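Q: Residue numbers (the numbering used here): 50 to 203.
Backbone N, C-alpha and C define an ideal beta-carbon position, used for all residues, glycine too.
Please read these numbers as outputs of a predicted model, since none were measured by experiment.
Here's a structure for you.
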Amino acid sequence: RQYSAFEHAQSMIKIYLKGNPIINDLHSEAIKPRHWKKLKQDLRANWVYTDLTLGDIWDSDLQKNENVFKAVITNAQGELALEEFLKQVKEHWQVQELDLVNYQRKCKLIRGWDDLFNKLAEHLGSISAMKMSPFFTTFEEDAKTWDDKLNRVR
50 RQYSAFEHAQ
60 SMIKIYLKGN
70 PIINDLHSEA
80 IKPRHWKKLK
90 QDLRANWVYT
100 DLTLGDIWDS
110 DLQKNENVFK
120 AVITNAQGEL
130 ALEEFLKQVK
140 EHWQVQELDL
150 VNYQRKCKLI
160 RGWDDLFNKL
170 AEHLGSISAM
180 KMSPFFTTFE
190 EDAKTWDDKL
200 NRVR
């Protein structure tokens, strides 16, 4: 235990153990290629995303760059919530079918339009609330598209 090799190995293991939570967070489904690109840019690394290895991450000095990694991870987790919401909106309105019924044999009316307009108002309200999120800019174009489409229906 008094050998310098042992002390060096022990200190390296401690450094790797401290970096483990960051490695676990990087494995999250929230981390998309755009986040890896941002990490590469912020760290001034010369990774190739398709060939990225755990060794490349460790070589980026997790301990020294912990704040850079945590900032990107936090951003990715925030974006994931908005991305999931927009995905739900898209799925809902792409499969939404209108139940039309004859009205006095003159025209057709939408059955259950109250539910339809309640869901419309809910989604429009949530899209408006999204605009206040610090992570909104990534999805601004998609949100604007859905906001326009849903407002036309209203």
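Name the two residues that bound the continuous alpha helix (DSSP H) containing L129.
A: Indexing the sequence shown from 1 puts residue 129 at position 80. Here the alpha helix (DSSP H) through L129 covers 115-144.
Q: Please classify L66 as buried or exposed, where buried requires at least 16 neighbouring CB atoms within 10 angstroms.
A: Mapped onto the sequence shown, residue 66 falls at position 17. Exposed.
Q: I need the DSSP call for I176, collapsed to helix, strand or coil.
A: The sequence position of residue 176 within the sequence shown is 127, counting from 1. Helix.
Q: According to DSSP, is V202 helix, strand or coil?
A: Here residue 202 corresponds to residue number 153 of the sequence shown, with the count starting at 1. If DSSP states are grouped into helix, strand and coil, V202 belongs with the helices.
Q: Do the region 113-130 and the region 84-93 meet, that is, are 3 or more Cβ pairs less than 8 Å apart?
A: Result yes; three or more Cβ-Cβ pairs closer than 8 Å.
Q: When the Cα atoms are used, what is the spatial distance from N116 to L158?
A: One-based indexing of the sequence shown puts residue 116 at position 67. One-based indexing of the sequence shown puts residue 158 at position 109. Their backbone Cα atoms lie some 57 Å apart in a straight line.
Q: Tell me the residue span of the beta strand (DSSP E) that contains N95.
A: Walking along the sequence shown from the start, residue 95 turns up at place 46. Run containing N95: none; DSSP gives neither H nor E here.
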